[in-house]
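Undergrad: Can you read through this structure? Questions will come right after.
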Amino acid sequence: KNDNSSPKFTCFECGKAGNIKVGCPYLKKQGNEEKKSKFRSKRKKAYIAWEDNAYTTSSDSEQDQEANLCLMTRYESNYEISYLDSSTCSYNKLQDVFCELYAEAKKMGNLNKIYKGKIKELELKVSFFRKRKGYFSN
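Position 93 (the sequence shown) corresponds to 102 in this note's numbering; numbering is contiguous.
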């Protein structure tokens, strides 16, 4: 075997002989730049609006009052949220959770089919009554 021969493989990224993709310095540099750009692009933003009221004069007969209104939604769910730690979960536990999720998805799929059928039926009734209304209005 000749030790002075150059390697017969080339890197797919930089094209230099002897480099492999895992140890390619070009690929590592490019990966670091992508990580930095992702970090820069994911900064949190806040949008704030401020309105100056130009009509700040008050009259003696009637005072304008400004009401502050806060609307909130309230939603109660029958579902239980649980967080699984991947280091402590066993395969059987994950299998059980997946089976429960799959069964729930099948139920939702069946309900979706039923509701789509009801919607189609109601759309047919609406079109029938529109035609009937048009017949009587002429």
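Every residue, glycine too, gets a C-beta built ideally from N, C-alpha and C.
Give me the Cα-Cα distance between GLY32 and LYS102, rounded to the nearest whole angstrom.
TA: Translated into positions along the sequence shown, residue 32 becomes position 23. Translated into positions along the sequence shown, residue 102 becomes position 93. For GLY32 and LYS102, the distance between alpha carbons rounds to 39 Å.
Undergrad: When the Cα atoms are used, what is the spatial distance from GLU109 to GLY27?
TA: Taking the sequence shown and counting its residues from 1, the one referred to as residue 109 is at position 100. Taking the sequence shown and counting its residues from 1, the one referred to as residue 27 is at position 18. The straight-line gap from Cα to Cα measures roughly 51 Å.
Undergrad: Opposite ALA26 in the DSSP bridges: which residues?
TA: The sequence position of residue 26 within the sequence shown is 17, counting from 1. DSSP output for ALA26 lists THR19 as bridge partner(s).
Undergrad: Beta-carbon separation of ILE29 and CYS23 under 8 Å?
TA: The residue labelled residue 29 in the question sits at position 20 within the sequence shown. The residue labelled residue 23 in the question sits at position 14 within the sequence shown. Contact: no.
Undergrad: In whole angstroms, give me the CA-to-CA distance for GLY143 and SER136.
TA: Here residue 143 is taken as the residue at index 134 of the sequence shown, counted from 1. Here residue 136 is taken as the residue at index 127 of the sequence shown, counted from 1. Looking at the two C-alpha atoms, the distance is approximately 11 Å.
Undergrad: Does DSSP classify ASP69 as helix, strand or coil?
TA: Taking the first residue of the sequence shown as position 1, residue 69 is located at position 60. Residue placement at ASP69 is flagged as unreliable, the pLDDT there being 47, under the threshold of 50; a coordinate-derived value is accordingly withheld.
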